[in-house]
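Start counting the sequence shown at 930; every next residue gets the next number (our numbering).
Think of the CB as a built atom: it goes at the ideal place given N, C-alpha and C, for glycine as much as any other residue.
Note that the structure is a prediction, hence the values are computed from the model and not measured.
Okay, so here's the structure we're looking at.
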Amino acid sequence: MDKTTWITVVNKTAGGGKTEKDWPQIEQLLIRHGINFTPFFTTKRLHASIIARTKITEGYTKIIVVGGDGTMNEVINGLFSQGVIKTTEVMLGMISVGTGNDWARMFNIPAGYEEAVQTIKKQKTFIQDAGLVQYTRNGKMWKRYFINIAGMGFDARVVERSNRMKDRGKSGAFLYFYNIFASLLRYKVQKATIEIDGKSFDRKIFSLNVGICKYSGGGMIQVPHAVADDGLYSITLIKKMGKLNVLANVKRLYNGSIVEHSRVETYMGQSVQIAGSPKLQIETDGETLGNGPLDFQIIPRSVQVISGELSA
């Protein structure tokens, strides 16, 4: 085994099939820049987790994700599901070919393939926090690691609709924008009890974001106060809001000023529990998971990622 070899986890369906079309170009760029790699292609959901876990267990510590935020999320879950190598000793790079590419935006990872490959070659790393959420699906408790944002309520509904369209071959950040409007028609707020670091309160939730990083939904900034390595979740709670009020404030979702709205509350915390609303949907890193009750725990500075140039 040559430990200098990178493992590339390639999701050909990411970006509405764009990865499959663009992989030959990406492959040639990796070769031209002298990056020694072995490609592995996903064939089903969660396959990236299996590839990552297997290869890390074999001793490989350098992984390039070629796909979107969902592919990276699967690799993260593979990373945490193995117990052979410390998670911070595995280096994760990314070439974004997804729909939202929100996690990459946080770390200034270039959208251009050539620039993304050059960024990987520089190996400038950042150690970020990870999250772990326990949730319910089909009457059973499950857990999922994530490194960007968990969205609940309306946010999760928008992601669910967007993912269905992705499965039909649609792509582009417009998906999220379109589904904000489409999801409003029948959406109902959820009553829930929220506990943050032991302090409990009741709210009617329109939408709730628990974030490690800032961006979601193809460029929305719902947790502008997020710092990726501070050991805390940044939480934005949008309380019950009329549909016209929602539409009037869509721009605020994209420029970060939504947190200044009178119907919005923000918090910081290491642990978050949400109970009392089994219908409350959840997504993490753009992947639809299930429903409440929910239990979030933070795993400080536990993932080593290759970043672009970050401002001071």
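Burial is judged here by how many other beta carbons sit within 10 angstroms of a residue's own beta carbon; residue 1032 has at least 16 and is buried. Contact annotation: the region 1021-1031 does not touch the region 1107-1124, with fewer than three C-beta pairs closer than 8 angstroms. Rounded to the nearest angstrom, the Cβ distance from residue 1194 to residue 1166 is 5 angstroms, consistent with a contact under 8 angstroms. Distance from the CA of residue 1112 to the CA of residue 1128, rounded to the nearest whole angstrom, comes to 31 angstroms. Ranked by Cα distance from residue 1168, the options 1119, 1080 and 1115 are led by 1119. Bridge pairing for residue 1197: 1163 [DSSP]. Counting every other CB atom within 10 Å of its CB across the protein chains shown gives residue 982 a total of 16 or more, marking it as buried. In chain order, 1204 place their CB closer than 6 angstroms to the CB of residue 1222, counting only its own chain and leaving out the 5 sequence neighbours on each side. Taking all protein chains shown into account, residue 942 has 16 or more neighbouring C-beta atoms within 10 Å of its C-beta and is therefore buried. In the three-state DSSP reduction, residue 1013 falls in the coil class, being neither helix nor strand. Under the three-state reduction of DSSP, residue 1169 is assigned to coil, being neither helix nor strand.
Put simply, the region 940-960 touches the region 991-1003. At least three CB pairs are less than 8 angstroms apart. In chain order, 931, 933, 934 and 935 place their CB closer than 8 angstroms to the CB of residue 965, counting only its own chain and leaving out the 5 sequence neighbours on each side. Shown here, residue 941 sits in coil according to DSSP, grouped into three states, outside any helix or strand. Annotation: residue 1082 to residue 963 spans about 45 angstroms, alpha carbon to alpha carbon. Its chain contains 995, 1024 and 1042 as the residues whose beta carbon lies nearer than 7 angstroms to that of residue 955, once the 5 sequence neighbours on both sides are disregarded; these appear in chain order. Boundaries for residue 978: no beta strand (DSSP E) harbours it, while the alpha helix (DSSP H) harbouring it runs 976-986, taken from the DSSP string.
Residue burial annotation: residue 1174 is exposed, with fewer than 16 other C-beta atoms found within 10 angstroms of its C-beta. Under the DSSP definition of a beta bridge, residue 1082 partners with 1136. The Cβ atoms of residue 1232 and residue 1085 lie no closer than 7 angstroms to each other.
Excluding the 5 residues flanking it on each side, residue 1192 has same chain C-beta neighbours closer than 7 angstroms at 1167, 1168 and 1170, in chain order. Spanning the alpha carbons of residue 1188 and residue 1151 requires a straight line of approximately 7 angstroms. Looking at the DSSP output, residue 1124 sits in a beta bridge with 1129 and 1202. Here the C-alpha atom of residue 950 lies approximately 10 angstroms from the C-alpha atom of residue 1026. Considered as a whole, the region 1002-1075 harbours 1020-1025, 1054-1066 and 1069-1075 as its complete beta strand (DSSP E) runs of no fewer than 3 residues, in chain order. Looking at 1186, 1210, 969 and 1046, the one whose alpha-carbon comes closest to that of residue 961 is 1046. Under a 10 Å Cβ-count criterion, residue 988 is classified as exposed, with fewer than 16 other Cβ atoms of the shown protein chains found around its own Cβ.
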